[in-house]
């Protein structure tokens, strides 16, 4: 048997052909597929959630973890407690950030799917925690990356020191690339949303396509080129705004 999945000490590519379901307390009628987690050396978890039944739901506790999600397809109702108690309906392209210490419940229609990021919040002394934040990626403007009109970046969460996490979408026209091999302190969890490309991770080059998840440890050299006839797009997380 063959697979494109590969897991190494400082990077990983998880292809859909190897997904294995997990079940968690408080999660009902959903398939949960853990793409990335501290078990592989990552500091962030990335979980694919597929709503399978009517009244399917996910309950996330009010602990030291913050959560961010992106709805890939379908419709999801998010409700949160704490000081910012409220709720929102999220369709395809909808995103939500929920700070640590805030309980979060998700209910989705059958066939809906989302990617969930989960990490321990790094506090910043003298700075209040970030608020619940949500929106629609279709309403977030894209900007040329380092002046390249063919590689465009959407920043979903506010650029604000209260947040220790960024969630972005990068879209490349066919043949567009990252302008150089990046090597930096930020860790990435990544989901290919559409299209195809080649991702360099350390000294290896991997073909990637929609549905693939990627982990990049801090200082993992990385580079990407979009290939094929369609634009390639990916969602990714990174840790920000905290002194090493």
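In our numbering, the protein residues as written are 38 to 281. Where is the CB? At the ideal position from N, CA and C, for every residue including glycine. Just so you know, these numbers come straight off a predicted model, no measurement behind them.
If we call anything under 8 angstroms between Cβ atoms a contact, is residue i one with residue j?
{"i": "residue 182", "j": "residue 133", "result": "no"}
{"i": "residue 110", "j": "residue 154", "result": "no"}
{"i": "residue 206", "j": "residue 227", "result": "no"}
{"i": "residue 96", "j": "residue 145", "result": "no"}
{"i": "residue 211", "j": "residue 265", "result": "yes"}
{"i": "residue 319", "j": "residue 251", "result": "Outside the shown range of the chain, which is 38 to 281, sits residue 319, and nothing can be said about it."}
{"i": "residue 188", "j": "residue 158", "result": "no"}
{"i": "residue 249", "j": "residue 76", "result": "no"}
{"i": "residue 112", "j": "residue 149", "result": "yes"}
{"i": "residue 99", "j": "residue 78", "result": "no"}
{"i": "residue 94", "j": "residue 125", "result": "no"}
What residue from the options has the CA that sits closest to residue i's CA?
{"i": "residue 160", "options": "201, 184, 120, 189", "result": "201"}
{"i": "residue 167", "options": "100, 271, 214, 135", "result": "135"}
{"i": "residue 48", "options": "67, 39, 255, 209", "result": "255"}
{"i": "residue 186", "options": "163, 165, 214, 52", "result": "214"}
{"i": "residue 55", "options": "90, 225, 71", "result": "71"}
{"i": "residue 89", "options": "239, 240, 58", "result": "58"}
{"i": "residue 233", "options": "271, 44, 169", "result": "271"}
{"i": "residue 151", "options": "239, 281, 67", "result": "67"}
{"i": "residue 139", "options": "103, 131, 85", "result": "103"}
{"i": "residue 178", "options": "169, 165, 208", "result": "208"}
{"i": "residue 281", "options": "40, 92, 222", "result": "222"}
Expressed to the nearest angstrom, what Euclidean distance is found between the alpha-carbon atoms of residue i and residue j?
{"i": "residue 143", "j": "residue 106", "result": "10 angstroms"}
{"i": "residue 269", "j": "residue 42", "result": "19 angstroms"}
{"i": "residue 36", "j": "residue 204", "result": "Nothing about residue 36 can be reported from this structure: the residues present for the chain run from 38 to 281 only."}
{"i": "residue 230", "j": "residue 101", "result": "29 angstroms"}
{"i": "residue 87", "j": "residue 147", "result": "8 angstroms"}
{"i": "residue 279", "j": "residue 38", "result": "43 angstroms"}
{"i": "residue 275", "j": "residue 224", "result": "5 angstroms"}
{"i": "residue 163", "j": "residue 156", "result": "21 angstroms"}
{"i": "residue 127", "j": "residue 116", "result": "11 angstroms"}
{"i": "residue 277", "j": "residue 114", "result": "28 angstroms"}
{"i": "residue 61", "j": "residue 184", "result": "44 angstroms"}
{"i": "residue 80", "j": "residue 239", "result": "19 angstroms"}
{"i": "residue 85", "j": "residue 253", "result": "18 angstroms"}
{"i": "residue 131", "j": "residue 273", "result": "15 angstroms"}
{"i": "residue 309", "j": "residue 141", "result": "This structure cannot speak to residue 309, because the chain is shown only from 38 to 281."}
{"i": "residue 263", "j": "residue 44", "result": "22 angstroms"}
{"i": "residue 180", "j": "residue 267", "result": "19 angstroms"}
{"i": "residue 69", "j": "residue 165", "result": "32 angstroms"}
{"i": "residue 108", "j": "residue 169", "result": "16 angstroms"}
{"i": "residue 237", "j": "residue 40", "result": "18 angstroms"}
For residue i, decide whether its Cβ has a neighbour in chain B, counting only Cβ atoms nearer than 8 angstroms.
{"i": "residue 163", "result": "The structure shown contains no chain B, having only a single protein chain."}
Quiz prompt | Segment contact flag, the stretch 196 to 205 with the stretch 245 to 261, C-beta cutoff 8 angstroms, min 3 pairs | solution = no
Quiz item: Quick check: the stretch 164 to 178 against the stretch 243 to 256, are there 3 or more CB pairs under 8 angstroms?
Solution: no
Quiz item: Three or more beta-carbon pairs under 8 angstroms between the stretch 211 to 227 and the stretch 116 to 123, yes or no?
Solution: no
Quiz item: Mind pulling the beta strand (DSSP E) runs of 3 or more residues that sit fully within the stretch 179 to 218?
Solution: 180 to 182, 185 to 192, 202 to 209
Quiz item: Which whole runs of the beta strand (DSSP E) in the stretch 230 to 269 are 3 residues long or more, in chain order?
Solution: 233 to 238, 241 to 246, 250 to 253, 259 to 264
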